[in-house]
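A short worksheet on the structure shown next.
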Amino acid sequence: MSLDQRSTVVAQISAAVACNALAALRLAITEGLNVGLTKVEIQDVVSLAKDVQQQPISHVTHLIDQILREPKKQPQTHKHSANCGCNGHHHT
């Protein structure tokens, strides 16, 4: 996938706001002005990114909990014995 330069800069501004990365934000805004973004467009991008950043992270927390929760207990490995009846201990 290929993005045009303006879209790339908008994504960089959004990411910098989301990460609270001030040096990256300064660079992205400067680049945005150089590629023709207006101050209003940049302010709109920053506002949208800040709005997203303010959203509750309950879905993210739920997903992380789901991914990192301890796995369900695996069935115990069957221990073969002379009386178990599975014939798994006999060589054929």
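Going by numbering that gives the first Met the number 0, the first residue of the sequence shown is number 0, and it counts up by one from there. Think of the CB as a built atom: it goes at the ideal place given N, C-alpha and C, for glycine as much as any other residue.
Look up residue i in the DSSP assignment and say whether it is helix, strand or coil.
i     : result
Thr60 : helix
Arg95 : Residue 95 lies beyond the residue range present for the chain, which begins at 0 and ends at 91; the question has no answer from this structure.
Cys83 : coil
Ala22 : helix
Ser1  : coil
Measuring straight from C-alpha to C-alpha, what distance separates residue i and residue j?
i     : j     : result
Val34 : Ile63 : 38 angstroms
Arg25 : Pro55 : 26 angstroms
Ala15 : Ala23 : 6 angstroms
Lys78 : Cys85 : 10 angstroms
Gln65 : Val59 : 10 angstroms
Lys38 : Ser1  : 25 angstroms
Residue i lies in the alpha helix (DSSP H); which residues open and close that run?
i     : result
Gln53 : Lys38 to Gln53
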